[in-house]
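So the structure is just underneath, and the comments pick up after that.
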DNA sequence: TGCATCACTTACCGAGTGGTAAGTCGTTGG
DNA sequence: CCAACGACTTACCACTCGGTAAGTGATGCA
């Protein structure tokens with residue numbers, strides 16, 4: 005007998021996984037609510053529409069990523085160390101919860117692929133992107149470089165981190181679970197290498 | 005009055021763009037066929053089901069990527085030059101036709117997100133992945149490294165290349181078209197830098 | 001000429017979609 | 001004690017989905 009607040013949290017959690025694994029169009033309200041033994045209308049009671057449910061999921065994700073970023077900001081002094089810390093934390097988090105990274109990728113790709121007017125007003129991930137770009141521009145290697153270069157680098161590193169965890173299922177079915185497990189053990193180091201190589205002058 | 009073969013080609017082309025922009029679930033047969041002034045059943049006449057249409061699109065994409073890879077193999081001798089050539093060609097192609105790269109990402113992410121049994125028998129992109137991994141393992145820096153490291157590197161570089169072109173729409177709406185255009189002009193160089201830094205020992 | 005095949009069309013179908021309306025039941029506050 | 005509210009449910013709606021059945025008109029071949 006969960007409390008209403010807990011029910012909402014549960015719905016948000018299940019919706020997040022469904023949206024990450026199957027995308028916006030592949031996710032049905034009935035499937036999400038049904039996984040908790042509720043009806044679709046219970047979900048619509050907590051989140052007034054599918055679009056608002058998606059927005060809530062994305063906002064939660066954005067807040068968590070921002071928290072991760074702030075934690076890394078406090079952990080180090082130098083911009084490149086802060087970036088390295090953030091990307092490492094993101095990788096660890098992403099290996100444990102691939103859904104989070106899938107959502108990031110999907111949200112970036114699904115622009116104008118969802119509703120006709122879905123949320124062009126506010127974008128939770130913007131609050132993550134902007135300080136990230138600023139941080140890259142604060143790096144010795146990239147200071148003086150333009151916004152475009154920094155955005156380019158940010159997109160490259162984010163992508164490099166997000167794809168493999170999101171693609172584990174597909175890769176496992178083609179190359180075998182053993183191979184994927186092996187990648188999992190080296191992926192964090194690989195990512196840290198890539199980040200270091202890209203952020204410090206060679 | 006297009007010939008039947010041309011009609012099929014047109015359907016394949018439109019379907020490819022729809023699938024890339026909106027994903028499998030976001031693509032409807034009626035929308036694809038309607039864009040050519042045909043009915044949904046005309047499409048089902050050429051491709052017996054939605055799954056087979058998707059398979060045909062993916063197979064075409066896989067063949068094109070493979071062709072790109074082979075062209076790069078013939079253009080150079082050293083493995084790292086061949087890889088650099090392929091990734092550069094892929095980036096150029098992707099900036100011109102973002103749909104192609106979106107499809108690669110989507111196909112990697114959408115495992116078990118489509119039909120219940122959708123095409124686990126054959127996978128066109130495997131023919132691209134495998135020589136790519138072998139090529140990475142043939143590189144001085146990565147020779148001796150395991151399959152897992154090479155797969156990890158392949159996934160990172162593929163992702164770094166595929167994301168930005170696929171996310172241009174979303175990024176443009178948040179950071180402005182001008183910023184995105186600016187990234188487009190530097191993205192190829194940025195990608196070549198990343199590939200070089202990652203493939204040659206530092 | 002006759003007949004088959006191709007490339008479609010119109011007409012459906014059942015299942016599933018997001019969403020609305022109205023009602024039920026338990027809790028809470030005045 | 002009772003009205004109001006929150007957290008749901010059942011019932012229903014209009015619509016879209018992928019897919020089937022049955023035709024239609026043109027083309028090609030015997």
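Residue numbers (the working numbering), protein chains in the order written: chain A, 5 to 206; chain B, 5 to 206.
Note that CB positions come from ideal geometry on N, CA and C, so glycine has one too.
Remember, it's a predicted structure, so these values are computed and weren't measured experimentally.
Length of the line joining the Cα atoms of residue i and residue j
i                      : j                      : result
residue 116 of chain A : residue 147 of chain B : 43 Å
residue 131 of chain B : residue 66 of chain B  : 7 Å
residue 125 of chain A : residue 140 of chain B : 43 Å
residue 92 of chain B  : residue 145 of chain B : 19 Å
residue 57 of chain A  : residue 105 of chain A : 18 Å
residue 25 of chain A  : residue 114 of chain B : 7 Å
residue 171 of chain A : residue 186 of chain A : 14 Å
residue 109 of chain A : residue 102 of chain A : 11 Å
residue 31 of chain B  : residue 55 of chain A  : 18 Å
residue 83 of chain B  : residue 194 of chain B : 20 Å
residue 169 of chain B : residue 169 of chain A : 20 Å
residue 164 of chain B : residue 149 of chain A : 19 Å
residue 51 of chain B  : residue 6 of chain B   : 17 Å
residue 192 of chain B : residue 204 of chain B : 18 Å
residue 47 of chain A  : residue 8 of chain A   : 11 Å
residue 11 of chain B  : residue 153 of chain A : 42 Å
residue 196 of chain B : residue 79 of chain B  : 17 Å
residue 173 of chain A : residue 71 of chain B  : 26 Å
residue 49 of chain A  : residue 100 of chain A : 31 Å
residue 53 of chain A  : residue 53 of chain B  : 31 Å
Sequence-distant residues of its chain with Cβ nearer than 7 Å to residue i (five each side left out)
i                      : result
residue 39 of chain A  : 18
residue 76 of chain A  : 86, 89, 90 and 93
residue 28 of chain A  : 58, 114 and 118
residue 175 of chain A : 184
residue 44 of chain B  : 33, 34 and 37
Where the alpha helix (DSSP H) through residue i begins and ends
i                      : result
residue 142 of chain A : No alpha helix (DSSP H) contains residue 142 of chain A, which DSSP labels as neither H nor E.
residue 41 of chain A  : Run containing residue 41 of chain A: none; DSSP gives neither H nor E here.
residue 204 of chain A : Careful: residue 204 of chain A lies outside any alpha helix (DSSP H) and carries neither H nor E.
residue 54 of chain A  : 54-79
residue 106 of chain A : 102-113
residue 8 of chain A   : 8-30
residue 126 of chain A : From DSSP, residue 126 of chain A is part of no alpha helix (DSSP H); its letter is neither H nor E.
residue 118 of chain B : Looking at the DSSP string, residue 118 of chain B is not in any alpha helix (DSSP H), and its letter there is neither H nor E.
residue 151 of chain B : 151-179
Per-residue contacts from residue i into chain B (C-beta, under 8 Å)
i                      : result
residue 143 of chain A : Within 8 Å Cβ-Cβ: nothing; residue 143 of chain A doesn't reach chain B, min ~14 Å.
residue 112 of chain A : 167, 170, 171, 174 and 175
residue 178 of chain A : 127, 130 and 133
residue 53 of chain A  : The contacting residues do not exist; residue 53 of chain A stays about 17 Å from chain B at best.
residue 109 of chain A : 109, 113 and 167
8 Å Cβ shell around residue i - same chain, five flanking residues per side excluded
i                      : result
residue 151 of chain A : 137 and 141
residue 61 of chain A  : 16, 19, 20, 23 and 107
residue 161 of chain A : 91, 198, 199 and 202
residue 73 of chain B  : 90, 132, 135 and 136
residue 14 of chain A  : 6 and 40
residue 42 of chain A  : 11 and 15
Pick from the options that is closest to residue i, judged by C-alpha positions
i                      : options                       : result
residue 63 of chain B  : B:173, B:161, B:114 and B:128 : B:128
residue 180 of chain A : B:167, B:155 and B:164        : B:155
residue 81 of chain A  : A:72, A:95 and A:143          : A:143
residue 159 of chain A : B:167, B:99 and B:12          : B:167
residue 111 of chain B : A:74, A:6, A:177 and A:190    : A:177
residue 96 of chain A  : A:204, A:205 and A:188        : A:188
residue 69 of chain B  : B:50, B:41, B:98 and B:51     : B:98
residue 157 of chain A : B:173, B:190 and B:157        : B:190
Sequence-distant residues of the same chain with beta carbon closer than 6 Å to residue i, five excluded per side
i                      : result
residue 183 of chain B : none
Partner residues on chain A for residue i, Cβ-Cβ distance less than 7 Å
i                      : result
residue 115 of chain B : 173, 174 and 177
residue 187 of chain B : 152, 155 and 156
residue 91 of chain B  : What residue 91 of chain B touches in chain A: nothing, since even the nearest Cβ is about 12 Å away.
residue 59 of chain B  : Residues of chain A passing the Cβ test: none, with the nearest at roughly 15 Å.
Under 7 Å by beta carbon: chain B residues contacting residue i
i                      : result
residue 76 of chain A  : What residue 76 of chain A touches in chain B: nothing, since even the nearest Cβ is about 20 Å away.
residue 198 of chain A : 160 and 202
residue 190 of chain A : 152, 153 and 156
residue 106 of chain A : 113
Residue i Cβ short of 7 Å to the ligand GDP heavy atom set
i                      : result
residue 188 of chain B : As far as ligands go, the structure on display features none, and thus does not contain the ligand GDP.
Closer than 8 Å at the beta carbon, the chain A residues around residue i
i                      : result
residue 194 of chain B : 153, 156, 157 and 160
Interface residues of chain B facing residue i [CB-CB closer than 9 Å]
i                     : result
residue 88 of chain A : What residue 88 of chain A touches in chain B: nothing, since even the nearest Cβ is about 15 Å away.
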